[in-house]
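Residue numbers (this note's numbering): 8 to 292. Even glycine gets a Cβ: it sits at the ideal position worked out from N, Cα and C.
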């Protein structure tokens, strides 16, 4: 368990993130086509306003994405992605002093946002894209490595695994950690994400959440993102705008199974769910 792990905080640029208890990461997509909030925060001032609200509701981190990774999404150019995220990162750092994570697999974007004051890289491709490992290493920032099967454009067409999904996730993350070690990216700079919805059926996702503590053996912080995803919609027969309550149940379960960062759209309710679950687990306020 992480309670006995010496890693209870994470150096994130000029910020230090306390991970002695679970934290909430607010999602800020500055894309026109993200599955849940695409097009809502394209204007800088709208993005800044929404980020400020999430911070006020208790978000410890704001995760900015400039390329949609929803199922079926097509990649965007480096310049497109930079045009979307750079001014927002700069504004959040300068005007709100926010701890900003950038959801990117692009080496050029990694280098640029680090210069603008970002504190974390969140890579759904686990630094597998050409040049990403070197770029991430050069930023000096912590990096989240996520499991996936396939690419966004095709990952949900026919996801299948030869064995238990949690073992496939562990095997993949072990291989990426080994690659990071070989490149000189220190283990204390790494976080892990099991990749809910990235090349997984509903059954895979449910099994993976139920066995999330299988990943605790890595001794690294676990970042989990399930907010508003189709797994909730399919189980509860709810459209995307009605998935909050199911998502809160999953947040509580994830905290119980060792998650340290919960990546969500609805910050306030999830902060309450995290804090209440943690109070029960620790038997105190």
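Could you check the C-alpha separation between residue i and residue j for me, to the nearest Å?
i           : j           : result
residue 293 : residue 190 : Residue 293 is absent from the model: the chain starts at 8 and stops at 292.
residue 38  : residue 265 : 31 Å
residue 171 : residue 34  : 30 Å
residue 278 : residue 64  : 8 Å
residue 250 : residue 259 : 15 Å
residue 273 : residue 257 : 13 Å
residue 241 : residue 148 : 36 Å
residue 124 : residue 20  : 7 Å
residue 145 : residue 153 : 20 Å
residue 56  : residue 97  : 14 Å
residue 118 : residue 291 : 42 Å
residue 223 : residue 175 : 15 Å
residue 130 : residue 271 : 16 Å
residue 88  : residue 95  : 12 Å
residue 122 : residue 169 : 42 Å
residue 283 : residue 210 : 27 Å
residue 15  : residue 200 : 17 Å
residue 101 : residue 82  : 29 Å
residue 236 : residue 156 : 17 Å
residue 136 : residue 289 : 40 Å
Give a yes or no on whether the C-beta atoms belonging to residue i and residue j are separated by under 8 Å.
i           : j           : result
residue 92  : residue 120 : yes
residue 194 : residue 134 : no
residue 203 : residue 233 : yes
residue 198 : residue 180 : no
residue 268 : residue 230 : yes
residue 111 : residue 158 : no
residue 116 : residue 85  : yes
residue 99  : residue 67  : no
residue 177 : residue 221 : yes
residue 140 : residue 186 : yes
residue 173 : residue 218 : yes
residue 72  : residue 36  : yes
residue 24  : residue 106 : yes
residue 166 : residue 208 : yes
For residue i, is the classification buried or exposed, using 16 other Cβ atoms within 10 angstroms of its Cβ as the cut-off for buried?
i           : result
residue 60  : exposed
residue 287 : exposed
residue 127 : buried
residue 138 : exposed
residue 27  : exposed
residue 192 : buried
residue 108 : buried
residue 70  : buried
residue 143 : buried
Who pairs with residue i in a beta bridge, going by DSSP?
i           : result
residue 54  : Bridge partners of residue 54: none, in fact.
residue 18  : 23
residue 84  : The partner list for residue 84 (beta bridge, DSSP) is empty, contrary to what the question assumes.
residue 271 : 33
Using a C-beta cutoff of 8 Å, does residue i count as contacting chain C?
i           : result
residue 255 : Protein chains in the displayed structure number just one, and chain C is not present.
Between residue i and residue j, which are expected to be in contact by the criterion C-beta below 8 Å, what is the C-beta distance as a whole number of angstroms?
i           : j           : result
residue 281 : residue 31  : 6 Å
residue 29  : residue 285 : 6 Å
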